[in-house]
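Worksheet: one structure, shown below.
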Amino acid sequence: LGIPADAANPEAGADMIEYLTRPDVQEAVLRDLGFFPVVDGVDFSGLPAGVAIEAGAVTAQSGAPDALPALLPVGLGERGGEINQIFRNAFDRIVLNGEDVATVMDEEGNNLSALMSETGAPCWAPDPVSDGPCPVHEMGAAPEPMMSDAVFFSTQFSPVEEQAKFREILAGGGFDYTASEEGPLIDLVLAGAQSGEGTVDVIGALHGTYPPLAREDAMMNLIDLADDLSANREFAPAFLETGLLGSDDFLYYVPWMQATYIMAANTEALEYLPEGADLNALTWDQLGVWCQNLIDGTGGPKCGLPHAGLFHRFLEGYLWPSFTGGMVTNFKSDAAVDMMTWMRDTLWPNVHPQSISYEFMQEPLLSGEVWVAFDHTARLIEAFNADPEGFVAFPAPAGPAGRGFMPVVVGLGIPADAANPDAGMDLIEYLTRPAVQEQVLNALGFFPVVGGVDFSGLPAGVAIEAGAVTAQSSAADALPALLPVGLGERGGEINQIFRNAFDRIVLNGEDIETVLAEEAANLQALMDETGAPCWAPDPASDGPCQVNE
């Protein structure tokens, strides 16, 4: 449907286009005239059974993320039948008659080239647009994808070996990138914002890179782009929320990829799950019962935590958010008191005593010392790779406030003064395709942020983890707790505050309310001295994040 440039009534024409592309009108055209819809939301239930079956396949085909429409030949006039015969000849001579592939392709390619030259027909999709007759490339000389104008800087994949892998993935869409450290990238984007002449069209960076850019109004709002992309891919809602940086309707980045922490279990432990428990929707209370059941059933503790490893992330990103709904603001709340009481009296007594020395949980899992564990995906992968049939992965448990989890979120943003924002949007569309997300996971180890990724071709261990990571981030009660932001060189201090609170209460037996009050004072001092505003899951703040009384 098109409107001529000199149409007398373009508004009426636009109204007609609006009418003909309504889902209910598209359904009527399919029912009465046999043409299939080009929009979503068409109701197939009232159609004849055969038409409805076909319509589902047609819609899935055209709506696929990797859909590649090849249009009917254009510009050949009365000689349109000749191109059909050339393609038929190539197939019949090679497949039916057994002729040499290279010889046939060369000869029929010459016939095709002559047809294009004699008719002057330019290229049509999926071939790139041409000036003049469409060329037929020599055998073995298929053109590289046309390179995009998008200037892409990424803080991820800086090592040389990672650069090569990522460039290969980008080349599939005709893109390239420049690796950059976070500091210089922030300076570059801010300089462009101040001058009004940006030199970067897309940035790929950790969540923590975006707040300083947001404060200077240096980024474009991508909420409409995310809505458009969501028509044929499903983003984890939790990560669209983090991209808002606490705003209502300004999306500073489109989620790109993630790394995170999950749970792992020996399959022998599954028979001891509490009655009615769903492994993919477990609660912390159910985990406590499970650990007790394992002691009762096996004669010893079989749950483990990496106290000598990344235990501070367990506290900051999983325990506190799940029970209190925050990381900083509710540090010493009544909910935090209840949480630490449960941790001291219920969970920790049922945890393997060697947890105090565990650093990587894949080792006690493989030895059989532990059957249920929490850790970073990179510190569990060897267990899944070594025995993919013997271990399962699943999301972290949920508490009263939600399913707290700590993702390392990487987002794609477009500077407000980008020279080529449309090309930047094309790059974001490409990198968030499920098929490309699968390539990044397979080659570079970052997990997808969209649904529909095919894990079947991945190494067994990666596929097992990917299922749990996806289930965790897309859970209805997902509560992402981001890495601390704005603390600069003092980032290690917040980790120690959380560790101190746990150790003093659970290991040393100190009074819960006293410890939480004292460590909350240390936490508030850190926020005040660094000026760090709140980050998710705590609500955005003006000024330093405040610990509630």
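Numbered per our numbering, the sequence shown spans residues -15 to 533. From the three backbone atoms N, C-alpha and C, an ideal C-beta is built for every residue, glycine too.
Q. With a cut-off of 8 Å, do at least 3 Cβ pairs link the stretch 245 to 257 to the stretch 468 to 485?
A. Short answer: they don't touch.
Q | Straight-line gap, Pro384 to Leu349 (C-alpha atoms, nearest Å) | A | 29 Å
Q: Look at the alpha carbon of Ala(-9) and the alpha carbon of Leu4, and state the distance between them as a whole number of angstroms.
A: 18 Å
Q) Are the Cβ atoms of Glu166 and Thr193 separated by less than 7 Å? A) yes
(Q) List, from N- to C-terminal side, the beta strand (DSSP E) runs of 3 residues or more that fit wholly inside the stretch 131 to 170. (A) 136 to 138
Q. Nearest-angstrom Cα distance between Val42 and Leu425?
A. 29 Å
Q) Looking at Glu92 and Ala74, is the spacing between their C-beta atoms short of 7 Å? A) Their beta carbons are under 7 Å apart, which means Ala74 touches Glu92 by this criterion.
Q. In chain order, what residues of the same chain lie with their CB nearer than 8 Å to the CB of Met327, ignoring the 5 residues before and after it?
A. Around Met327, the same chain offers Leu303, Phe486, Ile489 and Val490 as residues with beta carbons nearer than 8 Å, after the five sequence neighbours per side are excluded.
Q: Whole angstroms is fine: what's the gap from Ala320's alpha carbon to Met311's?
A: 10 Å
Q) Given that a residue counts as buried once 16 or more other Cβ atoms are within 10 Å of its Cβ, and exposed if not, what is His360? A) buried
Q. According to DSSP, is Ala243 helix, strand or coil?
A. strand
Q.
What residue range does the beta strand (DSSP E) around Arg387 cover?
A. Arg387 to Phe389
Q: Look at the Cβ atom of Glu66, then the Cβ atom of Leu99, and state whether they are nearer than 7 Å.
A: It is a contact, given that the beta carbons lie within the stated cut-off.
Q: Tell whether a beta-carbon distance below 7 Å holds between Pro117 and Ser101.
A: yes
Q.
Can you list, in chain order, the residues of its chain with a C-beta nearer than 7 Å to that of Leu411? Leave out the 5 residues immediately preceding and following it.
A. Ser132, Ala134, Phe136, Phe159 and Val186
Q: Measure how close the beta-carbons of Pro418 and Gly395 come, nearest whole angstrom, since I'm counting them as under 8 Å.
A: With a Cβ gap of about 18 Å, Pro418 and Gly395 do not count as contacting.
Q) Touching or not, the stretch 280 to 294 and the stretch 340 to 348, by the rule of three or more beta carbon pairs under 8 Å? A) yes
Q: Determine the direct distance from the alpha carbon of Ala54 to that of Asn95, and round the result to whole angstroms.
A: 20 Å
Q. Grouping DSSP H, G and I as helix and E and B as strand, with all else coil, what is Met311?
A. Met311 falls in the coil class under three-state DSSP.
Q. Beta-carbon separation of Phe482 and Glu300 under 7 Å?
A. yes
Q: Pull up the distance between the alpha-carbon of Pro21 and that of Ile(-13), whole angstroms please.
A: 20 Å
(Q) Less than 7 Å between the beta carbons of Ala51 and Phe315, yes or no? (A) no
Q) In terms of DSSP beta bridges, what is Ala189 paired with? A) Paired residues: Gly395.
Q | Residue range of the unbroken alpha helix (DSSP H) whose run includes Ala36 | A | Ala33 to Gly47
Q: Leaving out five residues on either side along the sequence, give the residues of the same chain with a beta carbon under 6 Å from the beta carbon of Ile153.
A: Gln423
Q) Short check: CB of Leu271 to CB of Pro381, under 7 Å? A) yes
Q. Cβ of Phe358 within 7 Å of Cβ of Phe298?
A. yes
Q: May I have the straight-line CA-CA distance separating Phe234 from Gly388, to the nearest angstrom?
A: Going from the Cα of Phe234 to the Cα of Gly388 covers about 24 Å.
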